[in-house]
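A.B. asks:
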Amino acid sequence: MDRIGGATSVLREAFGWPKATWGRAMTDNPQSGHVRFERPPVIETVFGIQFQPLHKWQTPIFGLFWATIKDRYPSYRVVPPLESQVEDVDQPHRAMGGPAFSILPGPPTPRCWFFNVPETQLIQVQPDRFVLNWKRGLVDASYPHYKNIRPVLEEEWAHFRGFVDSNDLGKLEVRQCEIAYINHIEIGAGWKDFAELDSVLTVWSGGALNRTSLKPEDVNVGIRYRLPERMGRLHVLAEPVLRTTDYKEVLQLTIIARGGPESPDSENIFGWFDVAQTYVRESFVDLTTDKMHAIWGIRNQS
Amino acid sequence: MTYGTQPQNEIRSKPLPCTQWSEVTSFWRSQPWVADASRTISRISTLQDDWDGQGSPAPTRAALESMNRVIREIDAYDLPSPHISPVSGGGLGIEWHQGQRDLSIELLQDGSIEYLRSQTTSGEPDIDQMEDGVIPSDRVNEVRNLVRWLLNW
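Going line by line, the protein sequences match chains C and Z. Last residue of the first sequence: 363 (this note's numbering), numbering continuous. Last residue of the second sequence: 167 (this note's numbering), numbering continuous.
1. For the beta strand (DSSP E) containing residue 130/Z, name the first residue and the last one.
2. Run down chain C in chain order and give the residues with a C-beta less than 8 angstroms from the C-beta of residue 53/Z.
3. Does the Cβ of residue 151/C have 16 or more other Cβ atoms within 10 Å, making it buried, or fewer, making it exposed?
4. Can you tell me the Cα-Cα spacing of residue 27/Z and residue 167/Z, whole angstroms?
5. Following the continuous alpha helix (DSSP H) through residue 194/C, name the residue where it begins and the one where it ends.
6. Is residue 220/C helix, strand or coil by DSSP?
7. Measure the Cβ-Cβ separation of residue 293/C and residue 272/C and say whether it is below 8 angstroms.
8. Please tell me whether residue 302/C and residue 283/C are closer than 8 angstroms, where the distance is taken between their beta carbons.
9. Might you give, ordered along the chain, the residues of its own chain that have their beta carbon closer than 6 angstroms to the beta carbon of residue 244/C, omitting 5 neighbours on each side?
10. Does DSSP put residue 185/C in a helix, in a strand, or in coil?
11. Does residue 352/C come out as helix, strand or coil in the three-state DSSP assignment?
12. Shortest alpha-carbon distance to residue 178/C belongs to which of 211/C, 335/C, 130/C?
13. For residue 78/Z, return the contacting residues in chain C, with the cut-off set at a CB-CB distance below 8 angstroms.
14. Grouping DSSP H, G and I as helix and E and B as strand, with all else coil, what is residue 314/C?
15. Do the CB positions of residue 124/Z and residue 76/Z come within less than 8 angstroms of each other?
16. How would you label residue 88/C, buried or exposed, when you count the other beta carbons within 10 angstroms and need 16 or more for buried?
17. Let me make sure I understand the geometry here. Which of 209/C, 237/C, 261/C has the alpha-carbon closest to that of residue 247/C?
18. Does residue 179/C have its Cβ less than 8 angstroms from a Cβ in chain Z?
19. Would you mind sorting residue 19/Z into buried or exposed? The rule is 16 or more other CB atoms within 10 Å of its CB.
20. What is the residue span of the alpha helix (DSSP H) that residue 301/C lies within?
21. Touching or not, the stretch 178 to 193 of chain C and the stretch 120 to 138 of chain C, by the rule of three or more beta carbon pairs under 8 angstroms?
22. Quick one: which chain Z residues come within Cβ less than 8 angstroms of residue 105/C?
23. Using only alpha-carbon positions, find the residue among 186/C, 116/C, 287/C, 211/C that is nearest to residue 229/C.
24. CA-CA distance, residue 117/Z and residue 159/Z?
25. State the start and end residues of the unbroken beta strand (DSSP E) segment that holds residue 50/Z.
26. Over what stretch of residues does the alpha helix (DSSP H) that includes residue 129/C continue unbroken?
27. Could you tell me the alpha carbon to alpha carbon distance between residue 335/C and residue 51/Z, rounded to whole angstroms?
28. If the cut is a Cβ gap below 8 angstroms, which residues of chain C does residue 42/Z touch?
29. Anything in the stretch 185 to 216 of chain C with a Cβ closer than 9 angstroms to a Cβ of chain Z? List those residues in chain order, please.
30. Spell out a yes or no on whether the stretch 78 to 87 of chain Z and the stretch 128 to 147 of chain Z are touching, meaning 3 or more CB-CB pairs, one atom from each, closer than 8 angstroms.
31. Taking the C-alpha atoms as reference points, what is the distance between residue 322/C and residue 217/C?
32. Beta carbons nearer than 8 angstroms to chain Z: which residues of the stretch 324 to 353 of chain C have them?
33. Could you work out which residue in 146/C, 328/C, 194/C, 258/C is closest to residue 105/C when comparing CA atoms only?
34. DSSP three-state call for residue 152/C: helix, strand or coil?
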């Protein structure tokens with residue numbers, strides 16, 4: 062618990078939470094004492110756990126696992142596997158995406174998506190990854206706050222662990238956790254184009270070129286922060302995207318915390334998620350302007 | 015298709031799989047033509063019935079979804095910017111001109127896909143290279159073959 066404990070002490074100082082109640086506040090009521098929005102722009106949250114590959118997890122295992130969750134996640138899709146992305150806080154960050162070659166003992170095992178009928182909740186599984194996603198459905202679903210998602214994540218992770226154990230698939234050696242909040246900030250509500258992005262993001266000063274009077278047509282912002290106490294990194298990416306559910310162009314603001322818990326036990330894993338979620342949440346408030354906060358219906362909670 | 019014969023630039027330019035579930039097209043991580051096409055589709059999706067003054071219905075959701083599927087299938091190819099337009103009856107069209115070759119794909123109001131490819135040789139239409147057809151909705155990947163023909167691979 063040292064690493065998480067160290068990080069929480071930094072957070073405690075940063076956000077002024079009382080020392081005596083810190084631990085309980087994080088586990089019992091992670092939402093206490095922070096900003097909330099009536100209409101937050103978050104459209105998806107992602108909670109991932111990466112572990113050493115389970116070599117016995119071959120393609121037929123997906124079906125066996127699906128049979129245990131099919132009542133809750135009746136639909137599926139086979140998608141390409143995720144690459145390993147492990148934060149090494151002792152090294153400068155290296156961008157993913159360059160050419161990579163590896164010799165595999167056989168064809169790569171895919172990743173499977175299992176999702177519920179309203180398409181609001183998804184479990185992604187591959188031999189080294191367990192991921193739980195929530196997203197807004199086609200019929201507008203209200204945003205479930207972290208305190209409501211956390212028990213679902215705990216329950217599904219426990220179920221997955223139980224499945225791995227009962228099928229003798231190997232030991233789950235957790236390497237890293239990841240939490241991502243994906244926000245869609247609609248053009249036309251408080252800003253009209255990327256020349257006005259400074260109305261949305263506090264970290265962007267406008268980008269206009271005074272000598273030539275040029276204004277940005279598109280903007281892509283990427284920022285990385287090191288999280289304290291070696292708990293990982295925080296990645297921020299703001300980019301224009303076309304949302305294919307309604308063909309609207311929006312600013313997608315993605316905030317990802319990624320790093321390794323001190324040990325693979327559930328207490329440390331979920332302790333990491335609690336702290337990382339706080340960083341993601343508070344960073345969102347810092348990254349976006351008061352003008353947008355007002356549009357999203359800011360409410361300060363005590 | 016085997017990866018051994020696949021051009022390297024096609025493999026490299028395909029965005030990496032990610033954990034995000036919501037479907038989006040990134041303007042920065044896609045080929046430039048994909049960004050241009052996405053913006054055009056966004057504008058076309060706002061058209062109302064009688065957009066042409068001739069009583070044509072607005073592009074249907076099925077046609078827009080088919081267009082999205084076609085673009086996703088070929089978004090890794092380095093293509094020139096296409097011409098995209100609504101067509102009467104609630105469909106959409108997308109066309110490329112590459113050298114002496116032209117490829118026109120129409121997404122009909124029910125989402126079905128039709129194509130016409132043509133080529134000129136010495137300034138004259140080359141009848142031997144002209145071909146039209148229908149691509150079944152469960153075989154959208156066949157659009158890749160048309161794009162390979164357009165690029166003369």
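Glycine included, every Cβ here is placed at the ideal spot set by N, Cα and C.
C.D. replies: This is what the structure holds:
1. The residue you call residue 130/Z lines up with position 116 of the second sequence. Counting along the chain, the beta strand (DSSP E) containing residue 130/Z begins and ends at 127 to 135.
2. Mapped onto the second sequence, residue 53/Z falls at position 39. 303, 310, listed in chain order.
3. As a working mapping, residue 151/C is identified with position 90 in the first sequence. Exposed, by the Cβ-count rule.
4. Position 13 of the second sequence, counting from 1, holds the residue named residue 27/Z. Position 153 of the second sequence, counting from 1, holds the residue named residue 167/Z. Model confidence at residue 27/Z stands at a pLDDT of 49, short of 50, so the residue's coordinates are unreliable and nothing is read from them.
5. Residue 194/C sits at position 133 when you count from the first residue of the first sequence. Here residue 194/C belongs to no alpha helix (DSSP H); instead the beta strand (DSSP E) covers 190 to 196.
6. The residue given as residue 220/C occupies position 159 in the first sequence. For residue 220/C, the secondary structure class from DSSP, reduced to helix, strand or coil, is helix.
7. The sequence position of residue 293/C within the first sequence is 232, counting from 1. The sequence position of residue 272/C within the first sequence is 211, counting from 1. Contact annotation: residue 293/C and residue 272/C have beta-carbon atoms that are not nearer than 8 angstroms.
8. Looking up residue 302/C in the first sequence gives position 241. Looking up residue 283/C in the first sequence gives position 222. For residue 302/C and residue 283/C, no; Cβs fall outside 8 angstroms.
9. Working through the first sequence from its first residue, we reach residue 244/C at position 183. For residue 244/C, where only same-chain residues beyond five positions count, the Cβ hits under 6 angstroms are 102, 103, 314.
10. Translated into the one-based positions of the first sequence, residue 185/C becomes position 124. In the structure shown, residue 185/C sits in a strand (DSSP, three-state: E or B).
11. The residue given as residue 352/C occupies position 291 in the first sequence. Here residue 352/C sits in helix by DSSP.
12. To locate residue 178/C, count along the first sequence from 1; it is residue 117. The residue with the shortest Cα to Cα distance from residue 178/C is 130/C.
13. Reading the second sequence from its first residue, position 64 is the one you call residue 78/Z. What residue 78/Z touches in chain C: 308.
14. For the purposes of this step, residue 314/C is taken as residue 253 along the first sequence, with counting starting at 1. In the displayed model, residue 314/C falls within a strand according to three-state DSSP.
15. Within the second sequence, numbered from 1, the residue matching residue 124/Z stands at position 110. Within the second sequence, numbered from 1, the residue matching residue 76/Z stands at position 62. Going by C-beta atoms, residue 124/Z is nearer than 8 angstroms to residue 76/Z.
16. Position 27 of the first sequence, counting from 1, holds the residue named residue 88/C. With a pLDDT of only 40 at residue 88/C, under the threshold of 50, the placement of this residue in the model should not be trusted; the figure read from the coordinates follows. It is exposed - the Cβ of residue 88/C has fewer than 16 other Cβ atoms within 10 Å.
17. As a first step, residue 247/C is located in the first sequence; it is residue number 186 there, counting from the start. It is 261/C whose Cα lies nearest to the Cα of residue 247/C.
18. Position 118 of the first sequence holds residue 179/C. No, no contact with chain Z.
19. As a first step, residue 19/Z must be located in the second sequence, where it is residue number 5. Here the model assigns residue 19/Z a pLDDT of 41, short of 50, so the residue's position is not dependable, and the following value carries that caveat. By the neighbour-count rule (16 or more Cβ atoms within 10 Å), residue 19/Z is not buried but exposed.
20. Counted from its first residue, the first sequence places residue 301/C at position 240. Not the alpha helix (DSSP H): residue 301/C falls in the beta strand (DSSP E), residues 293 to 304.
21. yes
22. Stepping through the first sequence from its first residue, residue 105/C is reached at position 44. Chain Z residues near residue 105/C: 34, 35, 36.
23. Within the first sequence, numbered from 1, the residue matching residue 229/C stands at position 168. Per the Cα distances, 116/C.
24. By one-based count along the second sequence, residue 117/Z stands at place 103. By one-based count along the second sequence, residue 159/Z stands at place 145. Linking residue 117/Z to residue 159/Z through their CA atoms gives a straight-line distance of about 11 angstroms.
25. In the second sequence, counting from the first residue as 1, residue 50/Z sits at position 36. Segment 46 to 58 is the alpha helix (DSSP H) holding residue 50/Z; no beta strand (DSSP E) there.
26. Residue 129/C sits at position 68 when you count from the first residue of the first sequence. Taken as a continuous stretch (DSSP letters only), the alpha helix (DSSP H) holding residue 129/C covers 120 to 130.
27. In the first sequence, the residue the question calls residue 335/C occupies position 274. In the second sequence, the residue the question calls residue 51/Z occupies position 37. Going by the C-alpha atoms only, they are around 41 angstroms apart.
28. Taking the first residue of the second sequence as 1, we reach residue 42/Z at position 28. By Cβ distance, chain C contributes 279, 281, 300, 301.
29. 185, 190, 192, 194, 195, 196, 197
30. no
31. Position 261 of the first sequence, counted from the first residue, corresponds to residue 322/C. Position 156 of the first sequence, counted from the first residue, corresponds to residue 217/C. Rounded to the nearest angstrom, the two C-alpha atoms are 19 angstroms apart.
32. none
33. Locating residue 105/C in the first sequence gives position 44, counting from the first residue. Selected option, being the one with the closest Cα: 194/C.
34. Your numbering for residue 152/C matches position 91 in the first sequence. Reduced to three states, the DSSP call for residue 152/C is coil.
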